[in-house]
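A short worksheet on the structure shown next.
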Amino acid sequence: MFDHIAQPISYQHIELPSSVHLDIKRLDLVHPQISGNKFFKLKYNLLAAKQQGLSNILTFGGAYSNHIAATAYAAHIFGLNSIGIIRGEELTNKPLNPTLEKAQNLGMQLHFVSRNEYRLRDDEKFLQQLIQQFPETYIIPEGGTNKLAVQGCQEILSQSDLEKYDVICCAVGTGGTISGLIEKSSTHQKVLGFSALKGDFLQQEIRQWTKKQNWSLTDAYCCGGYAKTSPELFAFIKGFEAQYAVPLEPIYTGKMMFGLSDLIKNNYFPVGTRILAIHSGGLQADIRNKTDQ
Ligand SMILES: *Cc1c(COP(=O)(O)O)cnc(C)c1O
């Protein structure tokens, strides 16, 4: 699968009426299907599954999950079977949405479970049951974050990124991607995360993966919670896409750029700060106007 990756990853300079320098690293262009950060999160997990001689990859997600879509595709081209445990029993007999239909066409076995059962997704006993039900299985947690995912996400940054930029920005969901960026970053750099959801618990998650302290996280631009939006967010995304021809979505990258633009406008960064924003992809399905993520 690694032959499909566009190397080197392209950068896009964003011309701003301000005294900071902003480039976007376009991980969304890395691969048409396994777009963005999900590729980096999966890479060492799939290699580990192969090394352990396991033939199935099992993971968890909601009906519109980018992680489900990416896992189905990556497992397929890697010659592994995939199993998706999908939240929401009520979806069992409904027509599949485009995300799930594509996953199924790539060979993913879909298993719909109730919201109560889905809550057990990190429970050791529940995972053992799943392994009995699906032998020879390598389990990847919801959102794909684990130690090997953090290792893979370190490869998002190149050596020259460590030298050229003062600040690195990314969108944050489960915290795996930002943890990899922090681990790789140089200590004079600051990594700034824009949370897609509300709450302080994510700080704890990130501390689980990295002991470094050159980072901070804000949920000020999450519009109140995961997959929540606002007219201002949509207006911003529309304006940004029209002006710079960079596609954004409202769950992750839209909120990051919305927040970053606001900070820049309010002179949060000193004059001359060189900023790299990571475009983490997420454009696999048209998730606009959908609420059940
Ligand atoms: C999954 C995803 C994220 C979140 O990554 P984490 O490692 O879970 O924090 C960010 N951006 C996009 C586009 C995503 O699909």
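Counting in my numbering, the sequence shown runs from 183 upward without gaps. Don't be surprised by glycine CBs; every beta carbon is placed ideally from N, CA and C.
Open item on the list: Among the candidates Asp382, Gly407 and Ile360, whose CA atom is the shortest distance from the CA of lysine 393?
Closed with: Ile360
TODO: Assign phenylalanine 242 to one of two classes, buried (16 or more other C-beta atoms within 10 Å of its C-beta) or exposed (fewer than that).
DONE: buried
TODO: Leaving aside the five residues before and after tryptophan 397 along the sequence, list all residues of the same chain whose C-beta is less than 6 Å from its C-beta, in chain order.
DONE: Ile364 and Val373
- [ ] Take leucine 379 as the anchor and find which of Asp401, Gln386 and Gln390 has the nearest alpha-carbon.
- [x] Ranking Asp401, Gln386 and Gln390 by Cα distance to leucine 379 puts Asp401 first.
Task: Meets three-Cβ-pair contact criterion under 8 Å: the region 432 to 443 and the region 347 to 354 - done: They touch, by the three-pair rule.
TODO: State the beta-bridge partners of asparagine 238 as determined by DSSP.
DONE: Asn263 and Thr319
- [ ] Return yes when the C-beta of histidine 249 is under 7 Å from any heavy atom of ligand 1, and no when it is not.
- [x] Answer for histidine 249: yes, Cβ within range of ligand 1.
Task: Rounded C-alpha distance that separates isoleucine 313 from serine 340 - done: 37 Å
Open item on the list: Quick check: tyrosine 255 and leucine 229, are their CB atoms within less than 8 Å of each other?
Closed with: no
Open item on the list: Quick check on this structure: which residue in Phe294, Pro214 and Gly407 has the alpha carbon closest to the alpha carbon of leucine 465?
Closed with: Pro214
TODO: May I have the straight-line CA-CA distance separating glutamine 286 from alanine 231, to the nearest angstrom?
DONE: 21 Å
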